[in-house]
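These protein sequence lines are chains C and F, in that order.
Note that the working numbering has the first sequence beginning at 13, numbered continuously upward.
Note that the working numbering has the second sequence beginning at 926, numbered continuously upward.
C-beta: ideal position from N, C-alpha, C; glycine also.
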Amino acid sequence: MTKHVEIRICGLGGQGVVLAGQILGKAAVFDGLNVVQTQSYGAEARGSAAKSEVILSDTKVGFPMIRHCDVLVAMNQKSLDMYVKDLKDDGILIVDEGLVEKIPSGLKAKTFRVAATKTAENEFKSKLYANMIMLGAMTKISRVVSIGALEKAIAESFPEKVKEVNIEAFRKGLALT
Amino acid sequence: MLNPGIKFMQGSQALAEAAITAGLRFFAGYPITPASEIAEHLAKELPKVGGIAIQMEDEIASIATIIGASWTGAKVMTATSGPGFSLMQENIGLAFMTETPLVIADMQRAGPSTGQATKCGQGDVMQARWGTHGDYASITLSPNSVQEMFDLTIRAFNLAEKYRTPVILLGDEIIAHMRESIIIPPKNSIEIVNRKKPRPGETMFFGGEEIPPMPSIGEGFNVTVTGSTHDEYGIRITADPVGHRKLVKRLVGKILNNADEIVEVEAYNTENCKIGVVSFGCTSRAVYEAVERANEKGVKTGFIRLKTLWPFPEKQVKVLAQTAKTILVPEMNLRQIFFEVTRVAEGAAKVVPLNKIGGGEMITPEEILAVLLKEGA
């Protein structure tokens, strides 16, 4: 059986969803997978809907866009409403508990609520860490990439002085679920 | 500069790294989505190898500056998207007329005008061919992966140097922003071409042979560089019909006569297909799967993927038109390469367009497959 997983991380511009997707993609390369990561955001720097899509496969990835989403991570209500349509019935939905109130009715995908932004504010004094907390929760729930690869990818993606705190936030996410 | 090995990189970064590897030492540009990452990466990396990356006041100044810099002997590049590419057209003519090697990276977005700045388009194909005025020929390359953003950038510099002409690297938002794993080859395995230089005492820098040698300013040669029609020595000829014909025909000829060497395509099953697909850039990423699924369903399908858009791969498309009954041309514009395929097919095959624009939505494998099954029925 070939491995082919489509993951979409969406939210508001500024929540760090594009960076989260990049780190996830890098981790999958460390795990020896073929990866395509794409992103989409509005012309505004902050506040418009943003998404980051990652396709992991053990064969070559042709079409780079998501059509059958296995894992959807939604960091706010608006982006969930916009991007839930491709989520597979046997897929996984992970939402930021504080920022997503309404799960679309009739959704068959298994849903997990993670208090990412709230935890970031309470424990790291900044909601900037919500994306790494979410990555941790997603890694634990979906097991699409290894924890070791993700920690290595996070370490390579941040400057020295904020590296540790981001890995800490990731580990917090692992423990939340 | 990057060490060889497997990397997870963005298309724009791969392009920038390849440019440095190819010998780029002077970059001038003006920020624009979705090409800003190229300038950003070069601003950081180019000074480390002794090069210069400069932000100019606009795109016109950017290309004008790199033309000048190329005449000092440097390998040069600018990077932009549709609106900036429009502004550069006049000076692309100057670079062509003065036989100035340079690379223009145009990462296409949805136009015309400001259009949708962050969304993908493939609407600059004809602009890359005919954007400046007068008779000229363009070399335009079209990458479809992060790996090719690296490989074709090296090739763009090599072709610019070899043919002493501007080369356009026509990417798109999807490929520029996409991240993929790529293999950076060992430096000594990459072929690097440098422009031919004159020997001491030589005086003909604009004729006498198909691709004349190019001196650098400051080396002691007497050099006149002019956008006016000129003779072999660079002396202006503003009225003589013969001189103009000779110059412009040589400039166009040095590209079109060498089309066999410049043109590259990726072809699959073209000798044995009922339907062929001709595509390029990001759209070709949907074609692989569509063609595979059509063949699984018993419709004999092949494809040509244009790695070179200009000069147009006429021979390859002509052969496909002789074999296939139908040729499908999917592209993220309202028909551009479609007309080239129609021209070359000369009625031997039915040419079917498939077009989609706006919102950065790609043409999907399913949309292509639906047409293949319908036409193949």
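Taking the straight line between their C-alpha atoms, what separation do you get for residue i and residue j?
| i | j | result |
| --- | --- | --- |
| E1286 of chain F | D102 of chain C | 25 Å |
| V1028 of chain F | V1203 of chain F | 25 Å |
| T14 of chain C | I1136 of chain F | 52 Å |
| R1054 of chain F | A1020 of chain F | 14 Å |
| E1214 of chain F | P1110 of chain F | 28 Å |
| S60 of chain C | K173 of chain C | 29 Å |
| V41 of chain C | I931 of chain F | 9 Å |
| M926 of chain F | T946 of chain F | 7 Å |
| P76 of chain C | A39 of chain C | 18 Å |
| Q980 of chain F | E1116 of chain F | 29 Å |
| Q27 of chain C | N1194 of chain F | 46 Å |
| G1272 of chain F | T1251 of chain F | 10 Å |
| T1090 of chain F | M1022 of chain F | 9 Å |
| K122 of chain C | I1180 of chain F | 59 Å |
| I145 of chain C | I1107 of chain F | 29 Å |
| P1037 of chain F | L1012 of chain F | 13 Å |
| A1101 of chain F | Q1033 of chain F | 9 Å |
| L1231 of chain F | G37 of chain C | 28 Å |
| E1191 of chain F | L1253 of chain F | 16 Å |
| V1276 of chain F | Q1261 of chain F | 13 Å |
| H1155 of chain F | H1169 of chain F | 7 Å |
| Q1247 of chain F | Q1241 of chain F | 10 Å |
| Q1014 of chain F | G1048 of chain F | 15 Å |
| D1165 of chain F | E1157 of chain F | 14 Å |
Starting from the C-beta of residue i, find all residues in its chain whose C-beta is less than 6 Å away, skip the five residues before and the five after it, and write them out in chain order.
| i | result |
| --- | --- |
| K152 of chain C | L186 and T189 |
| Q51 of chain C | V30 and S64 |
| I21 of chain C | V29, A32, G33, S64 and V85 |
| E1239 of chain F | V1269 |
| A941 of chain F | I963, H966 and L967 |
| V96 of chain C | P116 |
| G1121 of chain F | Here residue 1121 of chain F is Lys; the residue named in the question, Gly, does not match the sequence. So the list reads P1138, once near-sequence residues are dropped. |
| V83 of chain C | I19, I104 and S154 |
Please go through the same chain and pick out, in chain order, the residues whose beta-carbon is closer than 7 Å to the beta-carbon of residue i, but skip the five residues on each side of it.
| i | result |
| --- | --- |
| I1288 of chain F | T1208, A1211, P1255, M1257, L1279 and K1281 |
| F1130 of chain F | P1123, P1137, P1138, M1139, P1140, V1148 and G1159 |
| V1177 of chain F | D1060, Y1061 and A1062 |
| S995 of chain F | V1001, T1025, P1026 and L1027 |
| D43 of chain C | V157, S158 and A161 |
| V1118 of chain F | N1083, E1086 and K1087 |
| K114 of chain C | Q89 |
Give the secondary structure of residue i by DSSP, where H, G and I count as helix, E and B as strand, and everything else as coil.
| i | result |
| --- | --- |
| I1117 of chain F | coil |
| E868 of chain F | Outside the shown range of chain F (926 to 1302) lies residue 868 of chain F, about which nothing can therefore be said. |
| L147 of chain C | helix |
| G118 of chain C | coil |
| Y955 of chain F | coil |
| G930 of chain F | strand |
| E1191 of chain F | strand |
| C1207 of chain F | helix |
| F42 of chain C | helix |
| A1030 of chain F | strand |
| F1263 of chain F | helix |
| S1153 of chain F | coil |
| E18 of chain C | strand |
| P1166 of chain F | helix |
| S1141 of chain F | coil |
| S154 of chain C | helix |
| A943 of chain F | helix |
| P1111 of chain F | coil |
Near residue i, what residues of its chain come up, given a Cβ to Cβ distance below 8 Å and the 5 sequence neighbours on each side ignored?
| i | result |
| --- | --- |
| T71 of chain C | T14, H16 and N46 |
| A127 of chain C | D108, E109, G110 and L188 |
| A132 of chain C | S138, K139, L140, Y141, A142, I145 and A181 |
| R79 of chain C | E18 and D98 |
| E982 of chain F | Y955 |
Could you work out which residues of chain D lie near residue i, taking near to mean beta carbons separated by less than 7 Å?
| i | result |
| --- | --- |
| F124 of chain C | You won't find chain D in this structure, because its protein chains are C and F. |
Quiz item: Quick one: complete alpha helix (DSSP H) runs, 4+ long, within the segment 89-115 of chain C?
Solution: 89-95
Exercise. Tell me the start and end of each unbroken alpha helix (DSSP H) in the segment 1062-1092 of chain F that is at least 4 residues and wholly inside, in chain order.
Key: 1071-1088
Practice problem: Check whether the segment 1195-1212 of chain F touches the segment 1255-1274 of chain F, counting contact only when three or more Cβ pairs, one atom from each stretch, lie closer than 8 Å. | Solution: Touching, per the Cβ criterion.
Practice problem: Could you name each continuous alpha helix (DSSP H) segment of 4 residues or more that falls completely within the segment 972-1025 of chain F, going from the start of the chain to the end? | Solution: Here the runs fully enclosed are 984-995 and 1007-1022.
Quiz item: Are there three or more Cβ pairs, one per stretch, closer than 8 Å when the segment 1090-1102 of chain F is compared with the segment 1120-1131 of chain F?
Solution: Short answer: they don't touch.
Quiz item: Hey, is the segment 1066-1082 of chain F in contact with the segment 1004-1020 of chain F, meaning 3+ C-beta pairs nearer than 8 Å?
Solution: no
Quiz item: Is it a yes or a no for the segment 981-997 of chain F touching the segment 1037-1049 of chain F, going by three-plus beta-carbon pairs under 8 Å?
Solution: no
Quiz item: How about the segment 937-950 of chain F and the segment 966-985 of chain F: do they share at least three Cβ pairs that are nearer than 8 Å?
Solution: Cβ pair count under 8 Å is three or more, so yes.
Quiz item: Would the segment 1219-1232 of chain F and the segment 1192-1202 of chain F be scored as touching if the rule is three or more Cβ pairs under 8 Å?
Solution: Judged by Cβ distances under 8 Å, the segment 1219-1232 of chain F makes contact with the segment 1192-1202 of chain F, as three or more pairs qualify.
Quiz item: Can at least three beta-carbon pairs, one atom from the segment 1103-1120 of chain F and one from the segment 1056-1065 of chain F, be found at a separation below 8 Å?
Solution: no
Exercise. With a floor of 3 residues, list each beta strand (DSSP E) that falls wholly inside the segment 1225-1256 of chain F, ordered by position along the chain.
Key: 1226-1231, 1233-1235 and 1251-1256
Practice problem: Give, in chain order, every unbroken run of the beta strand (DSSP E) that is at least 3 residues long and sits entirely within the segment 62-88 of chain C. | Solution: Counting only runs of 3 or more, we get 81-86.
Self-check item: Stretch-stretch touch, CB-based, cutoff 8 Å, three pairs: the segment 152-163 of chain C with the segment 92-101 of chain C
Solution: no
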